[in-house]
Amino acid sequence: MWKPAERIRFEPSSGRIPSTEEARASQLFSPVQLGPLKLEHRTWVPAMVPWRSNEDGEVNEDVIQWYARFARGKPGAIVIEATGIRDVPSGPLLRIGDDRYIGGLQRLTRAVNEASGGHTRLLIQIIDFLRIRRRPEPRTFFERHLALTPQLLERAGLQGASEAQAREALLGLGVEGWSRVLDPRDLQSLQYGARESVNDLHLAHIRSLPQELPGLFAQAARRARDSGFDGVELHYAHAYTMASFLSTTNQRTDGYGGSREARVRLPLEVYQAVRAEVGSDYAVGCRFLAEECIEGGTAVDDSTWYGVQFAIAGMDFLSTSRGGKFDDAKQPSVGQAAYPYTGRSGYECMPQYLSDQRGPFGRNRAATASIRRAIREAGCTTPVVCTGGVHNFEFAEAMLAAGDCDVVGTARQSLADPDWALKTLLGRADAVRLCEYTNYCEGLDQKHKQVTCQLWDREALDEPGIRLSHDGKRRLVAPEWKDAPASLGTGSSQ
Ligand SMILES: Cc1cc2nc3c(=O)[nH]c(=O)nc-3n(C[C@H](O)[C@H](O)[C@H](O)COP(=O)(O)O)c2cc1C
Ligand code: SF4
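For the sequence shown, our numbering gives the first residue as 49, with consecutive numbering after it.
Here it is as C-alpha cells:
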C-alpha cells in the first residue's frame with residue numbers, strides 16, 4: 049500500500065472510559081431513525097468483504113459465523129459486505145443477482161437476528177462493478193489482446209508488415225518503445241491489466257448501463273427485502289460502477305456524464321427504481337465518497353451537492369467513505385489484478401498507523417460534516433454515517449456532539465473487537481481490544497484471502513468447534529469476550 053512520506057507513528061487509545069450510566073445517557077447509545085428503520089444505538093459496522101463465500105457467491109456456514117459474531121456485540125446496525133447484483137461469476141463475493149440466493153440470505157438474516165437478540169438491524173450493501181483483467185504477460189498481450197489499428201501501425205512504422213510480423217515487432221520494442229507507440233489505454237492494459245470504464249461508450253454493454261442498472265439494483269433490493277434484511281445500502285463509493293458515474297472522470301456524452309447534474313442522474317434513477325420496487329416503508333440509502341482523493345477527482349463541493357440531491361430524493365440514510373480508486377492504484381505483478389486500495393486514495397480509505405500530520409483517525413470527519421451541514425441547510429433531516437479510524441467512545445461521542453454525523457461507523461475496530469460497543473455500554477471500555485491500524489486485515493483482503501485480525505487469529509486455535517482458515521493456521525472468528533458479565537445472555541444489552 050502507498051504510504052505517506054512523513055511516516056509519523058500514531059497509537060490508538062481507549063480515550064476516556066465512560067461509566068455505564070454515562071454510556072447509557074450518551075448520544076452514541078441513543079436511538080436514531082433511518083426513515084422507517086429505528087436503530088437502538090448509533091453504532092454501525094460498515095460493509096467489509098471477508099472472503100468467506102464460495103465461487104457461486106452463496107451464503108455458507110463461514111459467512112453466517114462471521115456476521116453472527118459481529119451481531120453478538122449488538123451494534124446498532126451491521127451492513128453486509130458488497131454483494132453483487134448480477135448473477136455472474138465473481139469469485140467468492142456474495143451475490144444477490146437471482147432469486148435462488150434468497151434462501152441462503154434468509155438463513156443469514158435469521159442468524160444475525162438471533163445472535164443479537166433482535167437488537168441489531170441488518171442491511172446489505174449492493175454493488176455493480178465493471179470487468180477488470182489481470183496484468184498480462186507482454187507476449188500474451190501483444191499476441192492476443194492488442195488490437196492493431198492503422199494509427200498504431202503508423203506510429204510504429206509497421207504499415208507494410210503482416211499481422212504476425214507486426215505483433216512480434218511491437219513485442220520487441222520493449223518498455224520505452226511501448227510507451228512511445230501504444231495509445232494510453234493500451235499502455236494501461238499492458239501495464240495494469242485491461243479495465244472497463246463507464247466512458248467506454250463504444251462497448252454496447254457499457255453504453256446501456258443507464259438502461260440496465262436501475263432494474264438490476266431494484267431486483268436486488270427486492271430480494272434483500274424478501275430475505276429479511278432491514279434495508280439496503282446502494283454502493284456508490286470507491287472504484288465501482290456507480291462511483292464512476294459520480295466521478296469527475298466520467299466524461300460520457302449521452303446525458304450521464306460531464307456536468308455534475310449529468311453525473312448524478314444515473315445514481316438518482318437507480319435510487320428511484322429501487323424505491324419504486326421496495327416501497328416507502330423500507331430503508332434505502334447509499335454509501336458514497338466524501339472525497340475521491342485522486343488528482344482532479346470529486347471533492348467536497350461536488351459530494352456536498354450530491355448528498356443534498358440524495359437527501360431531497362428521499363434516501364433514508366447516507367454513509368460516507370473516501371478514496372479507494374483504481375486511478376492511482378499500484379501496478380500489480382504479472383498475473384495479478386490491480387487493487388483500488390494500493391495508491392494514495394486507497395490510503396485515504398483505510399489509513400494506517402504510520403501516517404502524515406493528519407493521522408489515521410477521523411480523516412473523513414471534516415468532509416462528512418460539510419455534507420451533513422449542507423443537507424440540514426437544505427431542510428432535510430437525513431441521518432449521515434461517518435466512518436474512518438474511530439475506535440473509542442470519546443471520539444465517537446465528540447463527532448456526534450459536534451453535529452458532524454448522526455451515526456458512527458467502525459470497520460476495523462469492530463473487526464479487532466466485535467464487542468467494543470457492548471463493552472463500552474457496560475462500562476468495560478477498558479477491556480476493548482483496540483485496533484492497531486496495521487492493515488494486516490487489508491493485506492489479506494488484497495490477496496483475496498479470508499480476512500482475519502492479527503490480534504486474535506492465532507488465539508485458542510484448539511478451541512472445540514472453531515473454524516480455521518483454508519491454510520489451517522488462523523481462526524476465522526474472533527474469540528468470545530471471556531470475562532463478560534454473567535448476566536449477559538442474548539438480548540441483555542438494553
Ligand atoms: C477487509 C475490509 C473489507 C472492506 N470491504 C468493504 C466493502 O465491501 N464495502 C465498503 O463500502 N467498504 C469496505 N471496506 C471499507 C470499510 O467499510 C471502511 O470504510 C474503512 O475500513 C475505513 O473505516 P475504519 O477506519 O473504521 O476501518 C472494507 C474495509 C476492510 C478493512
Ligand atoms: S488486523 Fe486487526 S488490528 Fe490490524 S488493522 Fe486489521 S482490525 Fe486493526
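Don't be surprised by glycine CBs; every beta carbon is placed ideally from N, CA and C.
Comparing the CB of residue i with every heavy atom of ligand 1, is any distance shorter than 6 Å?
i, result
"D329", "no"
"S101", "no"
"T435", "yes"
"P94", "yes"
"M363", "no"
"M398", "yes"
"R335", "yes"
"R460", "yes"
"E129", "yes"
"V499", "yes"
"C453", "no"
If we count the other Cβ atoms within 10 Å of its Cβ and call it buried at 16 or more, is residue i buried or exposed?
i, result
"P533", "exposed"
"S275", "buried"
"D519", "exposed"
"C453", "buried"
"Q542", "With a pLDDT of 34 at Q542, under the threshold of 50, the modelled position of this residue cannot be trusted; read the value that follows with caution. Exposed, because fewer than 16 other Cβ atoms sit within 10 Å of the Cβ of Q542."
"R203", "exposed"
"S101", "buried"
"S292", "buried"
"H439", "buried"
"A508", "exposed"
"T56", "In the sequence as displayed, the identity of residue 56 is Ile instead of Thr. Classification for I56: exposed."
"G152", "buried"
"A195", "exposed"
"V382", "exposed"
"V136", "exposed"
"R169", "buried"
"T188", "exposed"
"Q498", "buried"
"H167", "buried"
"D231", "exposed"
"S403", "buried"
"Q199", "exposed"
"R273", "buried"
"V525", "buried"
"E109", "exposed"
"P60", "buried"
"H250", "exposed"
"Q400", "buried"
"K521", "exposed"
"A422", "buried"
Tell me, to the nearest whole angstrom, how far the beta carbon of residue i is from that of residue j; I am working on the premise that it is less than 8 Å.
i, j, result
"G326", "V318", "The sequence as given places Val at residue 326; Gly does not occur at that position. About 13 Å separates the two Cβ atoms, so there is no contact after all."
"Q213", "N247", "Contact flag wrong, Cβ pair sits at about 33 Å."
"V111", "L156", "6 Å"
"P428", "T368", "Residue 428 is actually Cys in this sequence, not Pro. Not confirmed; about 15 Å, so no contact."
"L142", "V93", "In fact, because the Cβ distance is near 15 Å, the residues do not count as touching under 8 Å."
"D376", "R271", "So it is not a contact: roughly 35 Å between Cβ atoms."
"E343", "R370", "Wrong, their Cβ atoms sit about 15 Å apart, outside the cutoff."
"D176", "I133", "5 Å"
"I174", "L282", "6 Å"
"T346", "T296", "5 Å"
"Q262", "A321", "As written in the sequence, residue 262 is Pro, which differs from the Gln given in the question. Yes, they are in contact, since the Cβ atoms of P262 and A321 sit about 3 Å apart, within 8 Å."
"I14", "A385", "Nothing about residue 14 can be reported from this structure: the residues present for the chain run from 49 to 542 only."
"T91", "A469", "4 Å"
"A285", "L337", "5 Å"
"Y330", "G279", "7 Å"
Within 6 Å: the Cβ of residue i and any heavy atom of ligand 2?
i, result
"L492", "no"
"Q502", "yes"
"T486", "yes"
"A73", "no"
"L153", "no"
"L264", "no"
"L32", "Since the displayed the chain opens at 49 and closes at 542, residue 32 lies outside it and no answer follows."
"C483", "yes"
"A534", "no"
"L402", "no"
Taking 6 Å as the cut-off, is the C-beta of residue i nearer than that to any heavy atom in ligand 3?
i, result
"T390", "Here the bound small molecules are ligand 1 and ligand 2; ligand 3 is not part of this structure."
- Message: Does the region 456-467 come into contact with the region 480-494, if we say contact requires no fewer than three beta-carbon pairs (one atom in each stretch) closer than 8 Å?
- Response: yes
- Task: Examine the Cβ distances between the region 82-101 and the region 111-131 and report whether three or more of them are shorter than 8 Å.
- Result: yes
- How do the region 492-501 and the region 70-85 stand: do at least 3 beta-carbon pairs fall below 8 Å, yes or no? no
- Query: Do the region 382-400 and the region 351-365 touch if we need at least three Cβ pairs shorter than 8 Å?
  - Reply: no
- Message: Does the contact criterion of 3 or more C-beta pairs under 8 Å hold for the region 59-68 versus the region 461-478?
- Response: yes
- Task: Taking 8 Å as the threshold, find out whether the region 305-312 comes into contact with the region 402-420 through three or more Cβ pairs.
- Result: no
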